[in-house]
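A quick write-up on the structure given underneath.
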Amino acid sequence: MKILSITTATNHLSVALNDGDKIWEKNEEDHRNHSEHLDPLINELLKENDLTLKDIDRFAVAEGPGSYTGLRIGITTAKMFASILNKDLVGVSTLAALANGASDGLIVSELDARNKNFFAGVYHKANGRLENLVPDGHYHLDDLMNKVKDVGLSEQVIFVGSPIEKYQDEIKDLLGSDNFTQDAGDNQIHAGEIGKLALNKEAVDPDKMVPKYLRRTQAEMDWHKKTGKAFGPDSDYVEEV
1 MKILSITTAT NHLSVALNDG DKIWEKNEED HRNHSEHLDP LINELLKEND
51 LTLKDIDRFA VAEGPGSYTG LRIGITTAKM FASILNKDLV GVSTLAALAN
101 GASDGLIVSE LDARNKNFFA GVYHKANGRL ENLVPDGHYH LDDLMNKVKD
151 VGLSEQVIFV GSPIEKYQDE IKDLLGSDNF TQDAGDNQIH AGEIGKLALN
201 KEAVDPDKMV PKYLRRTQAE MDWHKKTGKA FGPDSDYVEE V
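Structure representation (structure tokens):
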């Protein structure tokens with residue numbers, strides 16, 4: 001099965017073609033305008049492998065968490081391809097993809113959300129199998145470390161994602177242990193890992209896929225404050241002007 005995977009969830013842009021055990025991947029770092037770079041990168045990848053979009057069996061995309069704008073770019077592109085070509089579409093957790101690319105062990109997959117808050121999930125990886133132990137969510141550092149302790153500290157804790165250097169002392173105090181480290185890899189989200197996880201996931205209706213932000217957008221909060229109405233489906237808070 002040929003799977004074309006995309007991640008625009010962070011400033012690291014990555015696209016990949018997975019075909020069995022083979023992976024071809026292209027990456028760009030620190031390009032903020034993914035909307036301009038995504039399509040050319042996909043075209044390069046397909047051209048180098050003598051393929052067109054019609055040859056792809058399944059499209060996969062990082063569905064969140066991540067940059068609100070970035071997620072929308074990647075998801076909209078994948079939805080469009082799948083819908084027009086009548087092909088499978090799969091959404092993959094950004095944090096699961098991060099964890100899948102990390103070393104084996106107890107993994108805290110995280111993206112710094114500022115003010116000691118993180119988009120994070122806790123995973124265990126062994127022998128190519130990834131298990132989610134703490135659901136992806138938006139956690140304060142204290143709460144996140146308590147959840148890691150609840151899982152158990154029988155092995156070294158591996159952080160993958162945003163650098164944890166400035167939180168080292170706090171993490172040590174909260175865990176009651178210094179048996180943790182940053183993953184030795186590049187700590188980026190790679191589309192090839194999305195493709196691996198997408199192979200056995202159930203496809204979704206492209207019209208129903210929405211980003212998994214894991215916290216409400218500022219637009220939602222402003223709408224709720226202005227109207228006093230309960231939060232509803234994504235489109236309910238959009239104000240016509």
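Numbering (UniProt numbering), first residue to last: 1 to 241. For glycine and all other residues, C-beta sits at the position ideal for the given N, C-alpha and C. Computed from a predicted model, the values in this text were never measured in an experiment.
Sequence-distant residues of the same chain with beta carbon closer than 7 Å to residue i, five excluded per side
i      : result
Gln218 : Because the pLDDT of Gln218 is 46, which lies under 50, any placement of that residue in the model is unreliable, and the question is left without a value.
Asp112 : Phe118, Ser162
Glu28  : Leu13, His37, Leu41
Lys172 : Asp178
Leu133 : Val122, Tyr123, His124, Val151
Gly70  : Thr8, Ala9, Thr10, His34
Extent of the continuous beta strand (DSSP E) run through residue i
i      : result
Thr7   : 2 to 7
Val210 : Val210 -> no beta strand (DSSP E), and no H or E assigned at all.
Leu71  : Per DSSP, Leu71 belongs to no beta strand (DSSP E); it is in the alpha helix (DSSP H), 68 to 85.
Burial state of residue i, where buried means 16 or more other Cβ atoms lie within 10 Å
i           : result
Pro211      : buried
Arg58       : buried
Ala191      : buried
Ala126      : exposed
Asp88       : buried
Asn187      : buried
Pro65       : buried
Val48       : This sequence places Glu at residue 48; Val is not what is there. That one is exposed.
residue 243 : Because the chain is modelled from 1 through 241, residue 243 falls outside the range shown and cannot be assessed.
Leu199      : exposed
Gly101      : buried
Residues near residue i in its chain [Cβ-Cβ closer than 6 Å; skip 5 each side]
i      : result
Arg215 : His138
Asp19  : Lys2
Asp236 : Low per-residue confidence applies at Asp236: pLDDT is 40, beneath 50, and the placement is therefore not dependable, though the value from the model is reported in the following sentence. Counting only Cβ-Cβ distances below 6 Å, and skipping sequence neighbours, we find nothing.
Glu155 : Gly105, Leu106
Coil, strand or helix - residue i by DSSP
i      : result
Glu48  : helix
Leu174 : helix
His138 : strand
Asn200 : coil
Ala102 : coil
Asp88  : strand
Ser35  : helix
Gln168 : helix
Asn115 : coil
Asp21  : coil
Asn187 : coil
Gly195 : helix
Leu53  : helix
For residue i: DSSP bridge partner residues
i      : result
Lys26  : Val15
Gly121 : Ser109
Phe159 : Val108, Gln182
Ser93  : Gly64
Glu131 : His124
Arg58  : Ile3, Asp88
Own chain, CB closer than 8 Å to residue i, minus 5 neighbours either side, in chain order
i           : result
Gly131      : In the sequence as presented, Gly is not what sits at residue 131; that position holds Glu. These residues qualify, in order along the chain: Tyr123, His124, Lys125.
Glu44       : Lys26
Glu240      : Legend: pLDDT at Glu240 = 30, less than 50; position of this residue unreliable, value from coordinates given subsequently. There are no such residues.
Thr52       : Leu46
Asn146      : Leu174
Gly74       : Ile6, Thr7, Thr8, Ala9, His34, Leu38, Val61, Ala62
residue 247 : This structure cannot speak to residue 247, because the chain is shown only from 1 to 241.
Residue i CB to nearest heavy atom of the ligand PLP below 6 Å
i      : result
Arg114 : As far as ligands go, the structure on display features none, and thus does not contain the ligand PLP.
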